[in-house]
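One structure is given below, encoded as structure tokens.
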Amino acid sequence: MFTVNAAGCGKGKSTDNKALVTRNAATRFLIIVPSLALAAEYSAFGTAITSETTKNVKQQIYRAIEANTRLIVITQKAFLDFESKILLCTNRVVLQDEHLEPFYMCKWNMTNHTQWIDMFEVTSTGTDGWYEVKLNMALATQFIASCDMLDNKQFVEDLLATPQRIFTNRPTVQPESVLFRVISPVIYAGADAVHIACANFTCTRQFHLWTALFSEQFRMAREFVPYSTPNLTMHFAQQKRNSMTFNRANTSIKDAVVKYIKSRCSNPVYVDNNVYDTESGWQRVNHNCHGVNNFREESHIAILSAINYDNLATAFLVDMAGMTSQQVRRSLIGEIAHQVIMRGSLRSDNANECHVYLMDMDLAAYLMDNIFLDVKYEIITNTARPDRGVPLTPMQRKKATLIRRNFSEYAEMPTDKLLKEGIWTSTNTNGKYSKSYLEMLAEYESHEMRKAKLHEKSSE
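Under our numbering, read the sequence shown as residues 2 to 461, first letter to last.
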């Protein structure tokens, strides 16, 4: 069982961790954090593992273990990359500060040597359309030991280094198969206890996936309580959801939101995965902003990022983790927005004046219904999506995603435009050329060859 402190940002979770470390002077600790900035906060209490190279990080970890260092601070990436997690965790209390990402999508890309596909063994999960993939350890070890340099071995090394369950959406693994990797709670095997400090933890993918796929239990030491923010104003666009695909084809909504923000402040703190408006002088922060504390005086925060899982990833989280599509999105962009907003003036005092600018109504609804209370709001005018006519069906969206994946010339084309292209009628629901189209193409090529032969004869 894991103990969880899910209190809000700025409510003393890291302070509680440091107090626990101080009170238990004879106890050995492993503290796992999402960023180097947060690692620096703990460096005064023990040894923080930091380096620019993976090799140096591993060397530092081994030295710290050999020295029986009482308190080791390590980033999530370094911990997941380390091949002997049980060595790190044994006889230690693990403090996981913030959410640990357990969910990864990747492609099995071994087209150079498909004989290695046999290292993956596929079995049914009992859930329609999803299959579990087991790694044949003997073959995987042989693959790692082989001299071939054409294939990317890091992919398999990652699978061997971290306990996890692997899934796919096909009954066999093919060279282009998509694999869904879910990190297992077994990563903490050997620990005396595991304490998680993460605001609104029950919203995270770690909570949903570990509960659904591993039957893990979490004891809430402190529940998340929404912030009382009487002087917070949410300013949001009229569109339901922000979309990177739409923004690439039509910048009108984003332009209108940016213009609106500029009319109210000169240098907001902002996040944007498209790195929009970099010449404005705005104060950009990363999505992973844990440990960033230098914006407490800032009262204007802009969330411009368009981050959404694709249909296949969402389907996995809905089917296998029991999440709703709304929960999936809110665990992603919703919690990113939550963390970024709490870097600003509300972190010092929830009653401080603060203005938050958002690209869509759905995100605003999540934040006002679940995270911040007593909020005032303003709708940014002229930011509705143009009328698109009949809404796209889930099947159309899935087919469009697959076409963009299968045909590079359409990779950036929005779905509404794809519907009008010849590729749409030439492909099946898997986004590949349909049997009837290929037969028609073969018949056409045969006809053209016959014409060419007749032409040659007539010329003789």
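Just so it is clear, CB atoms sit at the ideal spot from N, CA and C, and this is done for glycine as well.
Item, Value
"Nearest-angstrom beta carbon gap, N18 and D98 [assumed within contact, 8 angstroms]", "6 angstroms"
"Cutoff 7 angstroms; reference T462; Cβ partners in own chain excluding five residues on either side", "The question about residue 462 has no answer here: the residues shown for the chain are numbered 2 through 461."
"Reduced DSSP category for M2 - H, G, I as helix; E, B as strand; rest coil", "coil"
"Bridge partners - V258, DSSP secondary structure assignment", "Answer by DSSP bridge pairing: none, since V258 is not bridged."
"Helix, strand or coil at A366 according to DSSP, with G and I counted as helix", "helix"
"Between the CA atoms of M138 and Q116 - distance to the nearest angstrom", "15 angstroms"
"Closest residue to M106 among F181, D129 and K263 (Cα-Cα distance)", "F181"
"DSSP three-state assignment for I302, whether helix, strand or coil", "strand"
"Per-residue DSSP class, three states only, for A1", "Summary: the structure shown does not reach residue 1, with the chain confined to residues 2 through 461, and so no result is reported for it."
"Reference L72, options L88, A26, W109 and V376, closest by Cα", "A26"
"Through-space distance from H339 to L471, alpha-carbon basis", "With the chain covering only 2 through 461, there is no way to say anything about residue 471."
"7 angstroms Cβ cutoff met for V357 and I372", "no"
"Closest by C-alpha distance to L161, when choosing among M120, Q239, N170 and R242", "M120"
"Opposing strand residues paired with V286 [DSSP bridges]", "V286 pairs with nothing; no bridge assigned."
"T428 burial status per 10 Å Cβ neighbour count (16 or more: buried)", "buried"
"Residues near K462 in its chain [Cβ-Cβ closer than 6 angstroms; skip 5 each side]", "Because residue 462 is not part of the residues shown, which for the chain are 2 to 461, the question remains open."
"Other residues of its chain near I118: CB distance less than 8 angstroms, five sequence neighbours each side excluded", "W109, M111, V174, Q175 and P176"
"K436 to G423 span [Cα, whole Å]", "15 angstroms"
"D350, buried or exposed, once every other Cβ within 10 Å from all chains shown has been counted against 16", "exposed"
"Where the alpha helix (DSSP H) through K400 begins and ends", "P395 to N407"
"CA nearest to the CA of S36, picked from N57, V5 and I75", "I75"
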